[in-house]
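Using this note's numbering, the first residue of the sequence shown is number 459, and each one after it goes up by one.
Even for Gly, the Cβ is constructed at its ideal location relative to N, Cα and C.
Worksheet for the structure shown next.
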Amino acid sequence: MARDYAQDLAGMGRPVSLGTALAEAWGRTLEALSPRCPYRLGDTVIGDDPFNGRREGVVVWQDRRSVGVKTAHGIFFYDHRLVKPLD
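Have a look at this one:
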């Protein structure tokens with residue numbers, strides 16, 4: 459199978475400093491502990507926001523803290539704490 463990329467050989471064999479390794483490990487730890495959105499693409503939800511109103515639709519965009527809900531009136535973006543699953 460042909461590959462469409464080639465590994466950059468310039469970085470191979472270079473030593474990694476302890477500070478760089480610790481910084482990368484700390485960054486992965488913080489990312490794992492940060493809030494995550496519990497909804498997945500295709501979930502049917504109700505978004506209730508004082509500015510956008512109450513709308514029901516399907517999740518079409520998902521980030522760590524927010525979701526995009528596609529409704530009959532367009533796509534609305536909500537914080538994941540303002541969205542509930544449709545019963």
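In the same chain as L544, and ignoring 5 residues on each side of it, the C-beta atoms closer than 7 Å to its own belong to T502, V503, I504, E514, in chain order.
For G477, the enclosing alpha helix (DSSP H) has its first and last residue at 476–491. Taking 8 Å as the upper bound for CB-CB distance, H538 and P496 are in contact here, some 7 Å apart. Between the alpha carbons of P508 and D462 lies a distance of about 48 Å. Annotation for P493: R522, R523 place their beta carbon closer than 7 Å to its own, counting only its chain and skipping 5 residues before and after. With a threshold of 16 other beta carbon atoms within 10 Å, V525 meets it and is buried.
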